[in-house]
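These protein sequences, in sequence, are chains A and B. In terms of the numbering used here, the first sequence opens at residue 63 and continues consecutively. In terms of the numbering used here, the second sequence opens at residue 2 and continues consecutively.
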Amino acid sequence: MIWEVFRQEKPGDYHRHVGNVHAPDREMAKLFAQIQHARRMQTNSLWVVPQSEIGEVDPEDAAFGGRTDKSYRWAMTYNDIDASFAKEVEDSEAEQREAARTRREQLESEGDA
Amino acid sequence: MDIEAVKDQAGPRQFGPNDDMPEEYRRAATRMIQFHANSEVMGGYLDKEFTRHAPSLDRKLANTAKVQDEIGHAQLLYRAAETLGVKTREEMLDELKNGEGKFLNCFHYPVDSWYEAPMIDFFVDGGAMRRQATLKSTSWTPYAHAMDKVCFEEGFHVKHGESILRELMRGSKATQERTQETFEEWWPRILQFFGPTNDESTHNDFAQEVGLKTTSNDELRNSFLNLYIPKAEKYGLEIPESPRVFERDDGTMAVREDDLDWEEFWTIAKNDYEGSHEQIGSRRRRQEAVAWVRESLDGWEGSAAGTSQAAD
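See the structure below:
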């Protein structure tokens, strides 16, 4: 049986997927996860989840974020408005800009493929 | 963990579902997150009115996207509240429906014109975003994680709201006057958004001591005034003479409390204002109208449970 492993580095962080292990049951999966995915790594907590319990949506199933123009959903669209007056608005726009950039790269690389 | 240990250890993202938190902490956090979640729902319902009034397709699309975001924020927050083990999502939604659930004062006033859009989408959302940014450092980790996603999206709301204000204040003289009138109506409500200055109530003290809140209402109102009064003035809005806003000796801004209608505020806090009944009632009727969707989902969940293996 395969168990997916999620590691949290510090308290308060997200648990991030780091890999998986073979194990006959949950207890063994926790033990193997510690050895394979937490040893020598900064770790605060580990989750193990049976692989069969994970549902996946991949690019074959869905065009993530859609393919139609939804520029009205992005802070950057309103570029006649200066976001820098409030740090939280500026930060939000920066996060959106980064998300849009990585998404554009993904779409371009799919276009190449 | 006892309450003294919680106060000692309190810090950003310090506690989570694996910690044995005292009842008092879990109740306070539930009260706060439930209020926040309810406000997202009621803000979303209020905001959807603007889709009808929006003057262009772009504005209608943006407004619809914003309403979707707000309802999504409510879902994140109800989940974060559920992790405290005090109330289920269903219980919280029932409380909102039957009028027990509390939510932000500004969402107790029904809206019926496009001029009101920037009052909510720029000033109220701007104030809310100030507050939400500080809550990324709340001590309850699932709440902080919800804030990461919420703040990611809110930048669009605030900028879009400002863009509407800018457009209106560049319109005809009549449009500018209507916007100014609407601003005067909303300004006192917006100032009350952060609660009374002098009433740092016991809830607030406790919430700060255990790290649920990191910034006082007074500090938030002060920073809001410093940022948003210049914005209002930039677009040609005049700040009404009353309620009086003044600078304190330390250079921070404050409001003369006596100029605000606290009776109305406390009536709203009890969900007993005329607008409260209207907003809660109209949401309840819409909820009832789509009960069949929820029921069919529940029916499906029941019938599908335990059959996933067989379906494979």
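Glycine included, every Cβ here is placed at the ideal spot set by N, Cα and C.
Query raised in the report: At what residue ranges does the region 129 to 196 of chain B contain a whole run of the alpha helix (DSSP H), taking only runs of 4 or more?
Result: 142 to 170, 174 to 193
Requested in this report: Using alpha carbons as the reference points, say which of B:L85, B:F194, B:P119, B:T216 lies closest to A30 of chain B.
Outcome: B:L85
Query raised in the report: Any idea what DSSP makes of M2 of chain B, helix, strand or coil?
Result: coil
Query raised in the report: For H77 of chain A, which of helix, strand or coil comes out of DSSP?
Result: coil
Query raised in the report: Is the distance from the Cβ of R88 of chain A to the Cβ of V110 of chain A below 8 Å?
Result: yes
**Report entry** chain A contacts from the region 153 to 176 of chain B (Cβ-Cβ distance under 8 Å)
**Finding:** F153, E154, E155, G156, F157, V159, K160, H161, E163, S164, R167
Report task. State buried or exposed for G127 of chain B, treating a residue as buried only when at least 16 other CB atoms are found within 10 Å of its CB. Result -> buried
Query raised in the report: So, M93 of chain B versus A82 of chain B, is the Cβ gap smaller than 8 Å?
Result: yes
Report task. Could you please give the first and the last residue of the uninterrupted beta strand (DSSP E) stretch that includes V256 of chain B? Result -> 254 to 256
Query raised in the report: Leaving out five residues before and five after I34 of chain B in sequence, what residues of the same chain have Cβ atoms less than 6 Å from its Cβ?
Result: L78, A81, A82, Y144
Query - Inter-stretch contact at 8 Å, needing at least 3 Cβ pairs: the region 135 to 149 of chain A / the region 142 to 158 of chain B - result: yes
Query raised in the report: Is the distance from the Cβ of C152 of chain B to the Cβ of M130 of chain B below 8 Å?
Result: yes
Query raised in the report: From B:L47, B:R286, B:I281, B:G12, pick the residue whose C-alpha is nearest to that of T142 of chain B; which is it?
Result: B:G12
Query - Contact list for Q15 of chain B against chain A, beta-carbon separation under 8 Å - result: P73, G74
Requested in this report: Just the chain B side, please: which residues come within less than 7 Å of S154 of chain A by C-beta, in chain order?
Outcome: C152, F153, E155, G156
Query raised in the report: Anyone know if the C-beta pair for Y46 of chain B and Q280 of chain B falls short of 8 Å?
Result: yes
Query raised in the report: So the beta strand (DSSP E) F68 of chain A belongs to, where does it begin and stop?
Result: 64 to 70
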